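>
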Amino acid sequence: MAQDQSNPTGPDLRQGIAHADLADGCKLVGRCGDDQVLLVRRGNEVFAVSATCTHYGGPLVDGLVVEDAVRCPWHHACFDLRTGEALRAPAFNPLACWAVEQRDGRIFVGEKLKRSARQPRADDPGKVPEKIVIVGGGAAGFAAAEMLRRREFQGSIVMLSDDQSPPVDRPNLSKDYLAGKAPDDWMPLRGEKFYSRNNIDLRLKTEAVDVNARSRQVILADGGRVPYDRLLIATGAEPVRLTIPGGDLPHVHTLRSSADCEAIIKQAASASRAVVLGASFIGLEVAAALRARGIEVRIVAPEKRPMERVLGSQMGDFIRALHEEHGVVFHLEDTASSIEAKKVNLSSGGALSADFVIVGIGVRPRTALAETAGLVVDHGVVVDALLETSEPGIFAAGDIARWPDPHSGESIRVEHWAVAERQGQTAALNMLGHGEKFVAVPFFWSQHYDVPINYVGHAGQWDEIAAEGDIAAKDCLLRFKRKGRTFAVASIFRDIESLKAEVEMEGQIAI
Numbered sequence: 001m002a003q004d005q006s007n008p009t010g011p012d013l014r015q016g017i018a019h020a021d022l023a024d025g026c027k028l029v030g031r032c033g034d035d036q037v038l039l040v041r042r043g044n045e046v047f048a049v050s051a052t053c054t055h056y057g058g059p060l061v062d063g064l065v066v067e068d069a070v071r072c073p074w075h076h077a078c079f080d081l082r083t084g085e086a087l088r089a090p091a092f093n094p095l096a097c098w099a100v101e102q103r104d105g106r107i108f109v110g111e112k113l114k115r116s117a118r119q120p121r122a123d124d125p126g127k128v129p130e131k132i133v134i135v136g137g138g139a140a141g142f143a144a145a146e147m148l149r150r151r152e153f154q155g156s157i158v159m160l161s162d163d164q165s166p167p168v169d170r171p172n173l174s175k176d177y178l179a180g181k182a183p184d185d186w187m188p189l190r191g192e193k194f195y196s197r198n199n200i201d202l203r204l205k206t207e208a209v210d211v212n213a214r215s216r217q218v219i220l221a222d223g224g225r226v227p228y229d230r231l232l233i234a235t236g237a238e239p240v241r242l243t244i245p246g247g248d249l250p251h252v253h254t255l256r257s258s259a260d261c262e263a264i265i266k267q268a269a270s271a272s273r274a275v276v277l278g279a280s281f282i283g284l285e286v287a288a289a290l291r292a293r294g295i296e297v298r299i300v301a302p303e304k305r306p307m308e309r310v311l312g313s314q315m316g317d318f319i320r321a322l323h324e325e326h327g328v329v330f331h332l333e334d335t336a337s338s339i340e341a342k343k344v345n346l347s348s349g350g351a352l353s354a355d356f357v358i359v360g361i362g363v364r365p366r367t368a369l370a371e372t373a374g375l376v377v378d379h380g381v382v383v384d385a386l387l388e389t390s391e392p393g394i395f396a397a398g399d400i401a402r403w404p405d406p407h408s409g410e411s412i413r414v415e416h417w418a419v420a421e422r423q424g425q426t427a428a429l430n431m432l433g434h435g436e437k438f439v440a441v442p443f444f445w446s447q448h449y450d451v452p453i454n455y456v457g458h459a460g461q462w463d464e465i466a467a468e469g470d471i472a473a474k475d476c477l478l479r480f481k482r483k484g485r486t487f488a489v490a491s492i493f494r495d496i497e498s499l500k501a502e503v504e505m506e507g508q509i510a511i
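Sequential numbering from 1 applies to the sequence shown in full-length UniProt numbering.
Below you can see the structure in the form of structure tokens.
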């Protein structure tokens with residue numbers, strides 16, 4: 001949750017601080033009126049910006065300064081120290097900036113600066129599209145639309161979403177919001193007025209069923225046609241459904257949309273016992289959220305330990321113990337064979353009482369539209385380094401995109417929120433002809449009670465896990481290595497080390 005800014009602390013920066021109190025490369029938090037302000041010194045320059053990240057309010061003083069940007073310690077958002085612009089999702093809102101004056105050996109913070117409008121890039125007018133269509137109302141689709149307008153794209157943007165609600169902060173659906181700790185107004189990525197104010201034609205409950213690449217039209221389920229000059233397919237993923245008897249009963253839920261989350265919250269209000277099928281991140285986060293609501297939770301999964309495939313055995317054992325400390329009961333190396341009104345029958349022969357069931361057994365990319373359009377699909381929609389598909393003018397981003405990862409040297413597809421947002425931003429720039437390769441290091445975070453787990457990089461396989469610190473003490477960093485090289489890093493309360501690992505990986509491009 002956001003940091004409390006009601007009582008700003010630290011030195012009064014309007015009265016100034018001694019130049020010697022802010023060494024080169026260092027950060028300092030002070031107050032300027034009612035605002036908490038971060039000072040950053042880079043050589044002879046001093047920058048003054050908002051002290052907290054505009055995503056979830058992370059303390060930027062605990063972050064990392066890289067060149068003329070500061071990175072948030074919590075979820076690796078990145079901001080330009082000169083302009084305040086949010087350079088990298090998951091943050092979209094800019095930081096406020098203040099004027100800084102240095103005189104008589106002191107540093108003074110002056111007035112808050114007005115944000116200057118970004119000047120449109122002088123692209124070749126023959127290459128700038130007039131009509132851009134985005135299929136998908138999730139992370140990638142929203143990020144693309146927002147970036148297009150941020151870059152002063154003047155053409156039309158049509159956003160087609162088969163969801164019932166505007167784009168929401170989906171990670172919160174299984175975290176604070178499901179736990180009852182986040183207010184409703186936290187959930188939309190932007191308010192409804194954002195779309196009308198920015199002339200984004202957001203069409204909800206609208207299904208795209210085909211693409212005619214020759215005539216450059218998206219065909220809708222109702223027979224309508226939407227013309228485009230550039231198209232972004234960002235249809236995301238959908239939960240894997242149960243095929244066992246009772247898997248379609250009304251008290252059996254998946255969690256992907258706002259409507260799914262609201263249905264679970266409503267059910268939890270009058271229930272006392274839940275069974276979660278699957279020990280994935282979603283399943284585990286749901287279990288933690290339901291425990292916060294006082295629901296008895298049992299987790300059924302076929303694995304020997306939770307999350308071992310992604311995080312290894314030591315972290316898997318820690319996660320299990322953490323959840324057991326909070327009252328969760330695991331039934332591992334087992335699966336559900338059928339579901340009845342008040343119980344889940346197990347393949348091992350036992351049965352568990354359940355008022356409702358949450359299914360978190362994975363997701364699959366929604367590639368049907370891409371396949372119908374004739375695009376190359378191979379474990380996802382195949383894209384190049386610019387996120388362009390096999391059909392010129394059609395791009396793909398988010399959970400469906402399989403791209404050439406320059407860090408691992410492999411073609412990968414990941415289902416991470418921040419990755420989808422960052423791909424949406426890059427795709428937007430490339431639809432405008434900027435030719436920007438997607439080189440961001442994959443990143444995701446997971447929350448279990450009061451324990452955050454940050455993961456940087458991508459390690460589909462490894463031959464060594466080098467652990468630093470103490471996992472049981474919730475103070476650790478794990479390096480997933482293959483042939484001596486680190487491909488990913490997982491950490492608990494090692495935020496600055498996680499950021500440094502990200503920067504290190506950015507400097508390593510596989511040959």
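No residue lacks a Cβ here, since even glycine has one placed at the ideal position from N, Cα and C.
Computed from a prediction, not measured in an experiment: that's the story for all the values here.
1. Can you tell me the Cα-Cα spacing of HIS251 and ILE358, whole angstroms?
2. Runs of 3 residues minimum, wholly inside the stretch 407–489: which ones carry the beta strand (DSSP E) assignment?
3. Tell me, please, which residues DSSP counts as bridged to MET159.
4. Just to confirm, are PRO167 and GLY191 a CB contact at a threshold of 8 Å?
5. Report the residue ranges of all beta strand (DSSP E) runs contained in full by the UniProt domain "Rieske" (14–109); include only those spanning at least 3 residues, in chain order.
6. Can at least three beta-carbon pairs, one atom from the stretch 5–25 and one from the stretch 101–117, be found at a separation below 8 Å?
7. To which residues of the same chain is PHE443 closer than 6 Å at the C-beta, ignoring the five residues directly before and after it?
8. ARG309 by DSSP, collapsed to three states: which one?
9. If you draw a straight line from the alpha carbon of TRP445 to that of ALA373, how long is it in whole angstroms?
10. Whose C-alpha, out of ALA139, LEU148, ILE134, is nearest the C-alpha of VAL158?
11. Tell me, to the nearest whole angstrom, how far the beta carbon of LEU189 is from that of PHE395; I am working on the premise that it is less than 8 Å.
12. Looking only at C-alpha atoms, which of ILE132, GLY138, GLU333 sits nearest to PRO90?
13. Quick one: what's got a C-beta closer than 8 Å to ASP260's C-beta in the same chain, skipping five residues either side?
14. Where DSSP assigns a beta bridge to SER491, which residues make up the other side?
15. Count the CB pairs spanning the stretch 373–384 and the stretch 336–347 that are closer than 8 Å, and state whether there are at least three.
16. Would you identify the three-state DSSP class for SER196, choosing helix, strand or coil?
17. Report yes if the C-beta distance between ALA86 and THR54 is below 8 Å; otherwise report no.
18. Kindly indicate the opening and closing residues of the beta strand (DSSP E) around ARG364.
19. Bridge partners of VAL381, per DSSP?
20. Buried or exposed: which applies to ASN454, given that a residue is buried once 16 or more other Cβ atoms fall within 10 Å of its Cβ?
21. Among the residues of its own chain, which have a CB less than 7 Å from the CB of residue 513, if the five just before and after it don't count?
22. Have a look at GLN267 and LEU249 and give me their C-alpha separation to the nearest angstrom.
23. Ignore the nearest five residues each way along the sequence and tell me which others in ARG413's own chain have a CB closer than 8 Å to its CB.
24. On the three-state DSSP scale, how would you describe ILE295?
25. Taking the CB atoms as reference points, tell me whether ASP162 and GLU101 lie closer together than 8 Å.
26. Can you say whether residue 513 is buried or exposed, counting buried as having 16 or more other CB atoms within 10 angstroms of its CB?
27. Can you tell me whether ASP470 is buried or exposed, with buried defined as 16 or more other CB within 10 angstroms of its CB?
28. Which full runs of the beta strand (DSSP E) of 3+ residues lie inside the stretch 306–346, going along the chain?
29. Could I get the ranges of all uninterrupted beta strand (DSSP E) runs contained in the stretch 232–281, with 3 residues as the minimum, in chain order?
30. Hey, ASP229 and GLU371 are a contact pair by Cβ (cut 8 Å); roughly how many whole angstroms apart?
31. Report yes or no: do three or more beta-carbon pairs, one from the stretch 461–481 and one from the stretch 332–341, lie closer than 8 Å?
32. Between PHE194, ASP355, ASP210, which lies nearest to SER270 when the distance is taken from Cα to Cα?
33. Just verifying my parser: in three-state terms, what is the DSSP assignment at THR9?
34. Assuming ALA48 contacts GLN425 under a Cβ cut-off of 8 Å, what Cβ separation, rounded to an integer in Å, is found between them?
35. Kindly indicate the opening and closing residues of the alpha helix (DSSP H) around PHE153.
Taking the structure as given:
1. In the sequence shown, the residue the question calls residue 251 occupies position 251. In the sequence shown, the residue the question calls residue 358 occupies position 358. Cα atoms of HIS251 and ILE358: separation of roughly 9 Å, rounded to the nearest angstrom.
2. Taking 3 residues as the shortest admissible run, the stretch 407–489 contains the following complete beta strand (DSSP E) segments, listed from N- to C-terminal end: 443–448, 451–457, 464–470, 475–482.
3. Working through the sequence shown from its first residue, we reach residue 159 at position 159. According to DSSP, MET159 bridges with ILE134, LEU202.
4. Here residue 167 refers to the residue found at position 167 when the sequence shown is read from its first residue. Here residue 191 refers to the residue found at position 191 when the sequence shown is read from its first residue. Between PRO167 and GLY191, the CB-CB gap reaches or exceeds 8 Å.
5. If we require 3 residues or more, the beta strand (DSSP E) runs fully inside the UniProt domain "Rieske" (14–109) come out as 27–32, 35–42, 45–50, 64–66, 69–71, 78–80, 86–88, 97–103.
6. These segments touch.
7. The residue given as residue 443 occupies position 443 in the sequence shown. These residues qualify, in order along the chain: HIS76, ALA418, VAL456.
8. Working through the sequence shown from its first residue, we reach residue 309 at position 309. DSSP, read as helix, strand or coil, puts ARG309 in helix.
9. Position 445 of the sequence shown, counting from 1, holds the residue named residue 445. Position 373 of the sequence shown, counting from 1, holds the residue named residue 373. TRP445 and ALA373 have their alpha carbons spaced roughly 34 Å apart.
10. Position 158 of the sequence shown, counted from the first residue, corresponds to residue 158. Residue ILE134 is the option with its Cα nearest to VAL158.
11. Within the sequence shown, numbered from 1, the residue matching residue 189 stands at position 189. Within the sequence shown, numbered from 1, the residue matching residue 395 stands at position 395. In this structure LEU189 does not touch PHE395 by the C-beta definition: roughly 20 Å separates them, more than the 8 Å allowed.
12. In the sequence shown, counting from the first residue as 1, residue 90 sits at position 90. The shortest CA-to-CA distance from PRO90 to any of ILE132, GLY138, GLU333 is the one to GLY138.
13. Here residue 260 refers to the residue found at position 260 when the sequence shown is read from its first residue. Excluding positions up to five away in sequence, the list reads LEU173, HIS253, THR254.
14. For this step, residue 491 is matched to residue 491 along the sequence shown. Paired residue(s): ASN454, LEU477.
15. Contact between the stretch 373–384 and the stretch 336–347 is absent, because fewer than three Cβ pairs lie under 8 Å.
16. Locating residue 196 in the sequence shown gives position 196, counting from the first residue. In the three-state reduction of the DSSP assignment, SER196 falls in the helix class.
17. Here residue 86 refers to the residue found at position 86 when the sequence shown is read from its first residue. Here residue 54 refers to the residue found at position 54 when the sequence shown is read from its first residue. For ALA86 and THR54, yes; Cβs fall inside 8 Å.
18. Here residue 364 refers to the residue found at position 364 when the sequence shown is read from its first residue. Note, ARG364: beta strand (DSSP E), 363–365.
19. Position 381 of the sequence shown, counting from 1, holds the residue named residue 381. Answer is VAL377, ALA401, bridged to VAL381.
20. In the sequence shown, counting from the first residue as 1, residue 454 sits at position 454. ASN454 is buried by the Cβ-count criterion.
21. Look at the range of the chain in this structure, 1 to 511, and you will see that residue 513 is not part of it.
22. For the purposes of this step, residue 267 is identified with residue 267 of the sequence shown, where counting begins at 1. For the purposes of this step, residue 249 is identified with residue 249 of the sequence shown, where counting begins at 1. Near 13 Å, if we compare the C-alpha coordinates of LEU249 and GLN267.
23. Counted from its first residue, the sequence shown places residue 413 at position 413. Closer than 8 Å at the Cβ level, and outside the excluded window around ARG413, lie PRO365, HIS379, GLY380, ASP399, ILE400, ALA401, ARG402, TRP403.
24. Counting from 1 along the sequence shown, the entry for residue 295 is found at position 295. Shown here, ILE295 sits in coil according to DSSP, grouped into three states, outside any helix or strand.
25. Here residue 162 refers to the residue found at position 162 when the sequence shown is read from its first residue. Here residue 101 refers to the residue found at position 101 when the sequence shown is read from its first residue. No, Cβ-Cβ distance for ASP162 and GLU101 is not below 8 Å.
26. Limits of the chain in this structure are 1 at one end and 511 at the other, which puts residue 513 out of reach.
27. One-based indexing of the sequence shown puts residue 470 at position 470. The Cβ neighbour count for ASP470, taken over all protein chains shown within 10 Å, is under 16; the residue is labelled exposed.
28. Taking only runs of at least 3 residues, the beta strand (DSSP E) segments lying wholly in the stretch 306–346 are 329–332, 336–339, 343–346.
29. Listed in chain order, they are 237–239, 273–277.
30. Counting from one through the sequence shown, the residue named residue 229 turns up at place 229. Counting from one through the sequence shown, the residue named residue 371 turns up at place 371. About 23 Å separates the beta carbon of ASP229 from that of GLU371, a gap too long to meet the 8 Å contact definition.
31. Verdict: no, contact absent.
32. Residue 270 sits at position 270 when you count from the first residue of the sequence shown. Comparing Cα-Cα distances from SER270 to each of PHE194, ASP355, ASP210, the minimum goes to ASP355.
33. Position 9 of the sequence shown, counting from 1, holds the residue named residue 9. In this structure, THR9 counts as coil in the three-state DSSP scheme.
34. Here the question's residue 48 lines up with position 48 in the sequence shown. Here the question's residue 425 lines up with position 425 in the sequence shown. In fact, because the Cβ distance is near 26 Å, the residues do not count as touching under 8 Å.
35. Position 153 of the sequence shown, counted from the first residue, corresponds to residue 153. That residue, PHE153, is in no alpha helix (DSSP H); it is neither H nor E in DSSP.
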